[in-house]
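Participant:
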Amino acid sequence: DTPSDTLSKEGLQSIVDDKEQVNTLSTKDLRNLFKFRADTPSDTHDKLRCERCRIIRDDGDERGAKVLPKKLKACQELLEQMMLLEDARKFLCPLNPENFGVSVEHYKSKVKQPIDLGAIKKKVSNLIKSRYENVSQFSKDVNRVFANVAKVWTPGQEIADDSRRLQSWWLDKWAELVPVLMTMQPDDDESVSQSEKNNDDPSMLNTRSDDFQEQIGMPEEEDMRNWSHHHSTDTVDDPVFRAAMRGFNSVSFVFGLEVTWSLIQEKEQEQEERKAMEELEVMQELEAKGSEANIDVLELDKSECQADPSNIEESHGKNESDCTVLNATDISSTLECAY
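Each residue of the sequence shown is one higher than the one before, starting from 3 at the first, in our numbering.
1. Is the CB of K125 under 8 angstroms away from at least one CB in chain C?
2. To the nearest angstrom, how far is the alpha carbon of A149 from that of A90?
3. Report the residue from G292, L81, P221, V242 whose alpha carbon sits nearest the alpha carbon of L265.
4. If we call anything under 8 angstroms between Cβ atoms a contact, is L87 one with L168?
5. Quick one: grab the DSSP three-state call for Q273.
6. What runs of the alpha helix (DSSP H), each 4 residues or longer, lie entirely inside the stretch 123 to 194?
7. Per DSSP, what are the beta-bridge partners of Q286 in this structure?
8. Counting only the same chain and skipping the five closest in sequence on each side, list residues whose C-beta sits under 8 angstroms from that of P157.
9. Along the chain, where does the beta strand (DSSP E) containing F257 start, and where does it finish?
10. The alpha helix (DSSP H) spanning S111 covers which residue range?
11. If you drop the 5 nearest sequence neighbours on each side, which residues of the same chain put their C-beta closer than 7 angstroms to that of Y134?
12. Could you tell me the distance, in whole angstroms, from the CA atom of D189 to the CA atom of A76?
13. On the three-pair Cβ rule with 8 angstroms, is the stretch 266 to 275 touching the stretch 226 to 240?
14. Below 8 angstroms on the Cβ atoms is my contact criterion, and I expect V144 with W172 to pass it. Report the Cβ-Cβ distance as a whole number of Å.
15. Using DSSP bridges, identify the partner residues of S230.
16. Which term fits L288, buried or exposed, when burial requires 16 or more other beta carbons within 10 angstroms of its beta carbon?
17. If I measure Cβ to Cβ from M285 and keep anything under 8 angstroms in the same chain, skipping five residues before and after, which residues do I get?
18. How should I122 be labelled, buried or exposed, when 16 other C-beta atoms within 10 angstroms of its C-beta is the threshold for buried?
19. Please name the residue in L80, E275, G66, M279 whose C-alpha comes closest to that of A352.
20. Could you name the residues of the same chain whose beta carbon sits closer than 8 angstroms to that of K175, not counting the 5 residues immediately before and after it, in chain order?
21. Over what stretch of residues does the alpha helix (DSSP H) that includes P241 continue unbroken?
22. Determine the direct distance from the alpha carbon of G120 to that of V113, and round the result to whole angstroms.
23. At the level of alpha carbons, what is the spacing between K161 and A245?
24. Taking only three categories from DSSP, how would you classify Q215?
25. Going by beta-carbon coordinates alone, are F102 and D118 separated by less than 8 angstroms?
26. How would you call Q215, buried or exposed, if buried means at least 16 neighbouring beta carbons within 10 angstroms?
27. Who are the Cβ neighbours of A152 in its own chain at under 8 angstroms, not counting the five residues just before and after it?
28. So, helix, strand or coil for L86, using DSSP?
29. Quick one: what's got a C-beta closer than 7 angstroms to S106's C-beta in the same chain, skipping five residues either side?
30. Note down the Cα distance separating F255 from S230, rounded to an integer number of angstroms.
31. DSSP three-state label for N98, please.
32. Can you tell me whether DSSP reads I117 as helix, strand or coil?
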């Protein structure tokens, strides 16, 4: 999942706590929970297929495309620094495994995606058509250089030790660069944040703008469709969070769940009203069934009398002392007298 999503621990736990799901949850599924997708503000929000947020225009792709050259330039500078190191000399161009005691056949059986620092430099500097679409693709290629070495050679061998030292240097420098990349803004004037142009910007005044969706009632932890949805940190409910994130774009989407005493009371009242309505519906259904049963009995009695009227006359003759008047309009009374 994108690191920009603010997720509920309880909501995530409610998904994983299903024992059947736990048994079928693969390593790939777990890895995808923490997979970064640069082409969307929130892949979790995408999966919800939220109808409410369709009215909000997301310019993340446009802004990302504008700032990408600047980010790749920083990546290129770091790569060029690494290529000057002594430990990088073996990885500047495609490896010849036979120079390091391994046959070409064995190398190809282990390494399916060979790559070198020289090829990465051409790609990051746009010298070839196959360019990087985001910085994560760049970092994956660099890490693949070290991973390929580890698949073929073991620690203690010269090439493996060079790779390990170079990888350690890379990880330290990349960890320093990532926060810088995450906060980069496009250089053109149109992309300058409104907080720098206008002092009345909501984020500068620590107030909320309008491009968000409010929370609906008091939703359950797993009901994220009804949480509040924010495409910008300056719309979240918490003023402290808004102030802390002012001027940063490292968070692209926020799910918000506000829990207050008033909302809890409203939810309890709604549940009580819903329960009362359900009980009323059950009572009405039972009454309706009772009325239908009485009508069925009456119709049955009428049909018996119409089928053989002599039954009524015969019964009436035998029980004159009990029923001396035959009221044709009251068949039910006649039947009581007859039997």
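Quick reminder that beta carbons are idealized off the backbone N, C-alpha and C, glycines included.
Just so it is clear, the structure is predicted and the values come from calculations on it, not from any experiment.
Facilitator: This is what the structure holds:
1. Absence of chain C from the displayed structure is noted, only one protein chain being present.
2. 14 angstroms
3. P221
4. yes
5. helix
6. 137 to 154, 160 to 184
7. None; Q286 has no bridge partner.
8. D163, R166
9. 256 to 258
10. 106 to 112
11. L74, K125, V126, F140
12. 14 angstroms
13. no
14. 6 angstroms
15. G258
16. exposed
17. none
18. buried
19. Because the chain in this structure spans residues 3 to 341, residue 352 falls outside the shown range and cannot be described.
20. L80, Q83, M84
21. 241 to 246
22. 18 angstroms
23. Note on identity: in this sequence residue 161 is Ile, with Lys being the wrong assignment. Those two C-alpha atoms are separated by around 49 angstroms.
24. strand
25. no
26. buried
27. A162, S165
28. coil
29. Just to set this straight, residue 106 is Val in the shown sequence, not Ser. Excluding sequence neighbours, V106 sits near P99, E100.
30. 11 angstroms
31. coil
32. coil
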